[in-house]
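Below is one structure, written out as structure tokens; the observations come after it.
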Amino acid sequence: MNVLLPGLAALLLASQAADTRVTVPGTGVSLALPAGFVPMPADVIALKYSRGGTPPASVYSTPGPSWAVNIAFALRDVELPPGDLAPVQAVLERSVQGTPGFRWVGRGIERVGNRDWIVLRFWVDGLDQPIYNHLRATREGKGTLLVTANVTKALYPRYASQLDAAMKSLK
7 MNVLLPGLAA LLLASQAADT RVTVPGTGVS LALPAGFVPM PADVIALKYS
57 RGGTPPASVY STPGPSWAVN IAFALRDVEL PPGDLAPVQA VLERSVQGTP
107 GFRWVGRGIE RVGNRDWIVL RFWVDGLDQP IYNHLRATRE GKGTLLVTAN
157 VTKALYPRYA SQLDAAMKSL K
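Using this note's numbering, read the sequence shown as starting at 7 and increasing by one per residue.
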């Protein structure tokens with residue numbers, strides 16, 4: 007019996023650490039959510055994303071009280087033009103470049119799964135420290151799907167690779 011307990015404990019710990027695949031609401035797109043991320047409550051979403059505009063449909067995050075590391079999904083009623091996404095990429099780039107503390111990490115268009123994604127990775131000033139943002143945008147039916155991941159500079163070393171892996175897991 008004692009021989010089975012360490013093996014069972016290891017199996018339970020491994021299953022808790024495994025990523026969970028979640029489907030983006032209203033789409034057929036899914037993402038491998040990092041272990042430990044949970045749905046952000048609606049009241050927290052409303053408060054955290056209150057700076058204007060429509061808040062994301064759903065957000066997964068490291069648990070409260072600060073909800074500091076986030077992956078958010080927003081489906082917008084804006085149809086992207088057919089063909090090359092480069093013109094849309096240029097518009098998105100211009101929309102983020104005026105943010106205080108803006109600094110590029112990377113940008114481009116990547117094929118992930120069976121679709122093309124505009125990918126923008128950058129830093130901006132937050133209220134009390136810089137924030138890393140990884141934004142992906144793609145066509146979804148007659149709309150646009152935006153997926154964003156962000157983390158504060160203090161937590162960046164711990165979560166950056168997990169967030170980037172999650173964003174690359176979109177399919």
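We treat Cβ as the ideally placed atom computed from N, Cα and C, and that holds for glycine. In this text, all values refer to a predicted model and were calculated from it rather than measured experimentally.
Any idea which residues DSSP pairs R164 with across the strands?
-> Residue mapping note: residue 164 aligns to position 158 of the sequence shown, counting from 1. According to DSSP, R164 bridges with nothing at all.
What do you get for S21, buried or exposed, if any count of 16 or more other CB atoms within 10 angstroms of its CB means buried?
-> Here residue 21 is taken as the residue at index 15 of the sequence shown, counted from 1. Confidence in S21 is poor, its pLDDT being 35 and thus under 50, which makes the residue's placement too unreliable to answer from.
Rank S175, N139, V35 and V28 by C-alpha distance to the C-alpha of L81 and give the top, closest one.
-> Residue mapping note: residue 81 aligns to position 75 of the sequence shown, counting from 1. Selected option, being the one with the closest Cα: V35.
Sufficient close CB pairs (3 or more, under 8 Å) joining the segment 97-116 to the segment 127-143 | Output reads yes: the segment 127-143 touches the segment 97-116.
Counting pairs of beta carbons, one from the segment 133-151 and one from the segment 31-47, are three or more of them closer than 8 Å?
-> yes
Report the rounded CA-to-CA distance for V28 versus Y66, giving the unit in angstroms.
-> Position 22 of the sequence shown, counted from the first residue, corresponds to residue 28. Position 60 of the sequence shown, counted from the first residue, corresponds to residue 66. Roughly 10 Å between the two C-alpha positions.
Three-way DSSP call (helix, strand, coil) for P93 in this model | One-based indexing of the sequence shown puts residue 93 at position 87. Helix, per DSSP.
Tell whether a beta-carbon distance below 8 Å holds between D25 and A41.
-> As a position in the sequence shown, residue 25 is number 19, starting the count at 1. As a position in the sequence shown, residue 41 is number 35, starting the count at 1. Cβ distance < 8 Å, so D25 and A41 count as in contact.
Express the C-alpha separation of V157 and L18 in angstroms, rounding to a whole number.
-> Translated into the one-based positions of the sequence shown, residue 18 becomes position 12. Translated into the one-based positions of the sequence shown, residue 157 becomes position 151. Note that L18 scores a pLDDT of 32, beneath 50, so its modelled location is shaky and nothing firm can be said.
Taking 8 Å as the cut-off, decide whether the C-beta atoms of L169 and I51 are in contact.
-> Here the question's residue 169 lines up with position 163 in the sequence shown. Here the question's residue 51 lines up with position 45 in the sequence shown. Cβ distance not < 8 Å, so L169 and I51 don't count as in contact.
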